[in-house]
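Numbering (our numbering), first residue to last: 2 to 542.
Now the structure itself:
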């Protein structure tokens with residue numbers, strides 16, 4: 002399985018695929034293996050050595066075109082004052098001297114004045130400079146050529162290096178080493194800037210590689226067939242091991258960091274599996290250890306809960322922050338509900354410990370480690386989310402009151418959907434709708450609007466629901482819910498009601514995923530986390 006394309010922009014994928022399909026003098030310009038090497042180099046950000054090799058190769062092509070007059074004067078001077086762009090276009094694109102055979106042929110007849118600096122041997126082409134020798138392997142030239150072509154895609158001006166190589170004036174051998182290093186540094190900078198916009202950050206890549214390796218070894222040791230399974234137990238076991246180590250360059254001592262990265266890895270695996278079923282053309286088969294985050298990053302059916310804190314204000318910022326960990330991870334909130342709860346209860350505790358550590362407050366740190374009462378229990382967490390749901394339902398009711406006031410047609414159908422089947426049949430009877438029809442706003446909006454007063458009189462449950470909306474509105478003092486006017490933005494309220502409904506549905510699934518006997522589990526987890534925190538921070542006391 003390969004996660005090589007997770008976190009890679011569509012533009013970068015197209016650029017690499019374009020090189021795979023590039024036509025050459027006789028068939029494809031590059032072998033698949035050449036582009037695989039380039040892909041691994043780019044996606045792993047492991048291009049430092051290759052840019053240095055490429056810089057020496059570019060120097061060699063210029064030296065091979067040097068005039069005898071220039072060499073006699075102690076400098077490499079291109080024949081006919083050719084520009085670097087012309088020399089390199091001719092070598093890499095017109096002549097395509099990038100196969101081992103063509104590359105050797107291009108340097109078979111080295112001009113005598115250049116012979117002290119260029120030597121073709123069994124290993125390849127050796128460039129002899131004042132302080133060092135550098136040998137270019139013919140089997141690497143195609144990969145280096147593909148890197149150059151990729152760089153030209155990133156910045157076409159990369160071929161215009163006359164100033165650096167002093168074309169027209171002559172480049173002295175004593176300056177070659179510093180010139181090559183400068184060029185390599187410039188090429189690396191161009192790649193770095195481009196990949197910053199098109200590839201997952203390097204730290205995230207390292208974390209993915211580490212988690213992937215650990216996950217495979219862990220499941221192999223447990224004798225489990227599914228070596229990619231990620232669950233609550235996997236996450237806490239990994240964190241416990243992280244607390245016992247001395248090195249933390251990846252930040253895995255923080256439980257929240259561990260959980261969030263495993264969540265991302267789970268999404269990556271799902272995305273790759275889904276895409277693999279659709280197409281194989283986008284899957285660069287790299288080794289499993291080559292991990293990054295993927296194509297265009299999925300927002301996991303993301304919900305922008307912060308939108309509900311703006312006008313009209315369905316939620317406070319604090320309420321939105323409480324919802325955020327639940328709604329931002331998709332179905333993970335129900336599949337790994339325990340981990341979400343652990344992040345809230347013990348992640349907050351750890352955050353307080355880290356803050357005390359940074360403040361160099363040993364007394365406060367000792368107090369936090371020994372005082373367990375300040376830790377949010379699982380029962381308290383469950384109650385917190387349940388209460389938040391209830392308040393959110395009241396906010397939703399307030400929104401429905403505004404929509405009914407505006408007589409927004411779509412709202413009537415949504416209100417009727419909240420009735421039981423028995424009450425819906427009563428509504429159908431009043432509206433003369435057939436029993437097998439659904440009272441949707443689209444189908445019955447005109448009839449519903451015309452007979453709404455009659456419906457409220459003849460269907461008591463509906464009347465009670467509308468009064469519930471009105472009561473919720475009167476109790477709501479947030480922006481957008483204080484006064485009813487004739488020019489209210491009904492669309493904003495409709496969007497808010499529908500978005501809040503999605504939040505509540507996801508929250509319901511999260512609570513359903515929690516164990517009812519959570520207090521027994523809390524006592525066990527409290528012992529685990531306290532031991533981990535003492536291992537991490539106890540020596541500071």
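By construction, the Cβ of each residue, glycine as well, lies at the ideal position given by its N, Cα and C atoms.
Asked                                                                                                                                                                                        : Found
How should residue 483 be labelled, buried or exposed, when 16 other C-beta atoms within 10 angstroms of its C-beta is the threshold for buried?                                             : exposed
Please work out which residues of its chain come closer than 7 Å, Cβ to Cβ, to residue 203, disregarding the five sequence neighbours upstream and downstream, and give them in chain order. : 46
Is residue 109 helix, strand or coil by DSSP?                                                                                                                                                : coil
Between which two residues does the alpha helix (DSSP H) holding residue 359 run?                                                                                                            : 338-359
Should the region 124-138 be regarded as contacting the region 80-97, the criterion being three or more beta carbon pairs within less than 8 Å?                                              : no
Assuming residue 159 and residue 57 are in contact, meaning their beta carbons sit under 8 Å apart, how far apart are those beta carbons, in whole angstroms?                                : At roughly 16 Å, the Cβ-Cβ gap does not stay under 8 Å, so residue 159 and residue 57 are not in contact.
Does residue 422 come out as helix, strand or coil in the three-state DSSP assignment?                                                                                                       : helix
Does the beta-carbon of residue 312 have 16 or more other beta-carbons within 10 angstroms, so that it is buried, or is it exposed?                                                          : exposed
Indicate the three-state DSSP secondary structure (helix, strand or coil) for residue 24 in the structure shown.                                                                             : strand
Helix, strand or coil: how does DSSP classify residue 115 here?                                                                                                                              : helix
Considering Cα atoms alone, identify which of 27, 121, 141, 128 is closest to residue 51.                                                                                                    : 141
Using a Cβ distance threshold of 8 Å, determine whether the region 341-361 contacts the region 457-469, with at least three qualifying pairs required.                                       : no
From which residue to which residue does the beta strand (DSSP E) around residue 129 run?                                                                                                    : 126-129
So, helix, strand or coil for residue 498, using DSSP?                                                                                                                                       : helix
Would residue 494 and residue 348 qualify as a contact pair, given that the criterion is a beta-carbon distance under 7 Å?                                                                   : no
What are the boundary residues of the beta strand (DSSP E) that includes residue 474?                                                                                                        : Careful: residue 474 lies outside any beta strand (DSSP E), inside the alpha helix (DSSP H) at 461-476.
Can you name the residues that DSSP bridges to residue 137?                                                                                                                                  : 126
If you drop the 5 nearest sequence neighbours on each side, which residues of the same chain put their C-beta closer than 6 Å to that of residue 129?                                        : 118
Could you work out which residue in 451, 406, 332 is closest to residue 271 when comparing CA atoms only?                                                                                    : 332
Going by Cα to Cα distance, which pick from 65, 131, 457 is closest to residue 113?                                                                                                          : 65
Is residue 202 helix, strand or coil when you go by DSSP?                                                                                                                                    : coil
For residue 62, which residues from the same chain have a beta carbon less than 7 Å from its beta carbon, with the 5 sequence-adjacent residues on both sides left out?                      : 88, 89, 92
Check whether the region 234-243 touches the region 211-221, taking contact to mean three or more Cβ pairs, one atom from each stretch, closer than 8 Å.                                     : yes
Does DSSP put residue 121 in a helix, a strand or coil?                                                                                                                                      : strand
Any idea what DSSP makes of residue 101, helix, strand or coil?                                                                                                                              : helix
How about residue 231 and residue 267: do their beta carbons lie closer than 7 Å?                                                                                                            : yes
Would you mind sorting residue 400 into buried or exposed? The rule is 16 or more other CB atoms within 10 Å of its CB.                                                                      : buried
Count the other C-beta atoms from every protein chain shown that fall within 10 angstroms of the C-beta of residue 15, then say buried if there are 16 or more, exposed otherwise.           : exposed
Using only the alpha-carbon positions, how far apart do residue 295 and residue 146 sit?                                                                                                     : Unreliable placement is indicated for residue 295, whose pLDDT of 36 sits below 50; the coordinate value is still reported in the next sentence. Rounded to the nearest angstrom, the two C-alpha atoms are 26 Å apart.
Going by C-alpha distance, which of 513, 328, 83, 452 is nearest residue 428?                                                                                                                : 452
Less than 7 Å between the beta carbons of residue 207 and residue 314, yes or no?                                                                                                            : no
Measure the CB-CB distance between residue 324 and residue 504 and report whether it falls below 7 Å.                                                                                        : yes
Would you call residue 102 buried or exposed, if buried means 16 or more other Cβ atoms sit within 10 Å of its Cβ?                                                                           : exposed
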